[in-house]
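Notes follow once the structure below has been shown.
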């Protein structure tokens, strides 16, 4: 986390109240760095920003075809959804198709982030289920691949065939040997790589339509599925959903815990990886929006951009007390 | 926010995943810096960490005596409470004593942070009131002073006699002319000062028992009231409450928004001011605990210390995935 640079500023009145630092890399299809902030060699867990890498084996293995998975299911496999009805119903149907149940998940139960769903469950005295976990789509993908491979039930363990395949895909596409892995919020392994490695991987996805190998076709399909169904990748009011819509479904973006964010820009064959050093989501959302504006693929004046990149900060009375904005390096 | 130094580390497995930087100053009763991290000259809003400064005029004016305020009410005047029943009931009784109602507040409505209260209100279809605002005790103090001064109803405005008195107290005790002010989350003015200035002010409170002037007596009483009633200053499960209890009510501490924290240590006549540059509360809690341990007033092995300073990080399944710890400078 050394050598991070200022990326996002929090102002209250005329005083800079807080600042977020970080690293970001933009790569082209050759894996070369086009632009960078901070340290491209910083080793970071991409967390949920790596879900499209974790979904590659689902397609490459033939499981997606064998189970007739559509683009909605592939988008859910790459999602950090908010447990709205649209998510739990679609994941539930997919789980039923596999003949499996909530108990077969290994992601753990998580309260829905959809306030209406959360409140209804609280008032009905219902406990959160694993299907409400933001990673339940990814885990249904894991379960699908597990069935296809006739592998054991503990699909989240590091030596399970599903995770072995995920690690191989991760290392091959980042073109790095991952130095270590950690246990993610959903209990699946998460492999670390450099900022450059992750941007290189995202550029592989962005340029996948140029190639016809199995992996590239899988990458192109996942990229397209996410951009086509942004409401499944996150949910209403969420940054990923709002910004993919604002870019007319032409750019694929994905948040990750602890301030990670990626972007895949097929029209320019560019990949972006971003990490806020302190882990703040408010800053990763602002910084990725600023980078997308700088790259000419997001309109700075779109309401969804303003809401994430240069929002007003309001207090309990609704009075504007300050604002957030990109730091000089991103303006 | 320049020249901040690493104060808190977030580890996942064997990798440093995120890091929080900041500034901190420890001052003695003469206002001299005993120890500092980062930039003592950094100008910052102390936010709710300045509530004991904002409560000085309530006592100095004679209002507290005229209205017969007890230590519980003074603790609430310095609180960022979580809107539990204990807070709303006691603030409500005080408000009734003034013959005023929820509409007389200017802090704005805020959902209770007490999950049981929040859920009960949601299920009953009740909207949050201004009395649930974490600052409603401070605002009842403002209303009391307003009545005592026979001043107008808009007590939160910068030129209202209450705020004029608060600014004077703030500048006199920090021994600085505040360069600017911002509107706080509760709509009251919040005056900026240097980290050194705020630590100097806290040392004034810590050494107040040595002096017999009106202001020092007011400072000593507020310090004692907060330490005596830590459950009123924040609430159950909150860092301020748990850590003041862990220090056997002998040290007064107070959080503020955007990563601020202060400590008042009468036994050593020391004042502490801390700001996490990125504004993260998880880091301000860990860093203030680490500083209190270093100063010998908090037991590193107390469960409340461990929970804030070196907590395990667990995922949705309850599996330990990492830990938080003070950075080298605070170990």
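Protein chains in written order, with the working numbering: chain A, 1 to 331; chain B, 1001 to 1331. From the three backbone atoms N, C-alpha and C, an ideal C-beta is built for every residue, glycine too. Given the structure is predicted, the values throughout are model-derived calculations rather than measurements.
At a beta-carbon threshold of 9 Å, the residues of chain B lying near residue 109 (chain A) are 1316 and 1317, ordered along the chain.
Residues of the same chain with a CB within less than 6 Å of the CB of residue 1196 (chain B), apart from the 5 flanking positions on each side, are 1025 and 1040 in chain order.
Residues of chain A whose Cβ lies closer than 7 Å to the Cβ of residue 1155 (chain B) do not exist, since the nearest Cβ in that chain is about 14 Å away. For residue 1032 (chain B), the number of other beta carbons within 10 angstroms of its own is below 16, and it is reported as exposed. Residue 14 (chain A) belongs to the set of residues whose beta carbon lies under 8 Å from a beta carbon in chain B. Checking the DSSP bridge columns, you'll see residue 232 (chain A) has no partner listed.
Residue 1191 (chain B) carries a strand assignment under DSSP once its states are collapsed to helix, strand and coil. With respect to chain B, the C-beta atom of residue 212 (chain A) has no partner C-beta closer than 8 Å.
Contact annotation: in the stretch 195 to 210 of chain A, no residue has its CB less than 8 Å from a CB in chain B. Comparing alpha-carbon positions, the option among A:149, A:142, A:102 and A:151 lying closest to residue 131 (chain A) turns out to be A:102. Beyond the five residues adjoining it in sequence on each side, residue 299 (chain A) comes within less than 8 Å, by CB distance, of 246, 293 and 305 in the same chain, given in chain order.
Between residue 202 (chain A) and residue 9 (chain A), the C-beta spacing is not below 8 Å. Rounded to whole angstroms, residue 1271 (chain B) and residue 1216 (chain B) show a C-alpha spacing of 14 Å.
Listed by position along chain B, the residues whose Cβ is nearer than 8 Å to that of residue 181 (chain A) are 1013. Segment contact: the stretch 110 to 127 of chain A against the stretch 138 to 156 of chain A, fewer than three CB-CB distances shorter than 8 Å; contact not assigned. Note on residue 80 (chain A): 16 or more other CB atoms within 10 angstroms of its CB, so buried under the neighbour-count rule.
Taking 8 Å as the cut-off, the Cβ atoms of residue 273 (chain A) and residue 327 (chain A) do not count as close.
By the rule that beta-carbons nearer than 8 Å mark a contact, residue 1018 (chain B) touches chain A. Per DSSP, the beta-bridge partners of residue 1021 (chain B) are B:1006. Assignment of beta-bridge partners to residue 312 (chain A) by DSSP yields A:323.
When the Cα atoms are used, residue 1134 (chain B) and residue 1186 (chain B) turn out to be separated by approximately 9 Å.
Residue 137 (chain A) is a Cβ neighbour of residue 77 (chain A), given a cutoff of 8 Å. Around the beta carbon of residue 163 (chain A), 16 or more other beta carbons lie within 10 angstroms, which makes this residue buried. Listed in chain order, the positions of the stretch 30 to 48 of chain A with a beta carbon within less than 9 Å of a beta carbon of chain B are 43, 44, 45 and 47.
Annotated three-state conformation of residue 252 (chain A) is strand, per DSSP. Considering only A:120, A:153, A:184 and A:192, the residue with the shortest C-alpha distance to residue 171 (chain A) is A:192.
Residue 1177 (chain B) and residue 1050 (chain B) have their C-alpha atoms roughly 15 Å apart.
Beta-bridge partners of residue 1260 (chain B) (DSSP): B:1256 and B:1275.
If you check the CB distance, residue 241 (chain A) and residue 230 (chain A) come in under 8 Å. Against chain A, the CB of residue 1187 (chain B) has a partner CB under 8 Å away; the residue lies at that interface. Against chain A, the beta carbon of residue 1258 (chain B) has neighbours under 9 Å at 10, 12, 17 and 18, listed in chain order.
The beta carbon of residue 1277 (chain B) sits closer than 8 Å to some beta carbon of chain A. Under the 8 Å criterion on CB atoms, residue 1116 (chain B) is classed as non-interfacial with respect to chain A. Of the other Cβ atoms in all chains shown, fewer than 16 fall within 10 Å of the Cβ of residue 1296 (chain B); this residue is therefore exposed. For the stretch 121 to 151 of chain A, the residues whose beta carbon sits under 7 Å from a beta carbon of chain B are, in order, 122, 123 and 133. C-alpha of residue 1064 (chain B) to C-alpha of residue 1208 (chain B): approximately 18 Å in a straight line.
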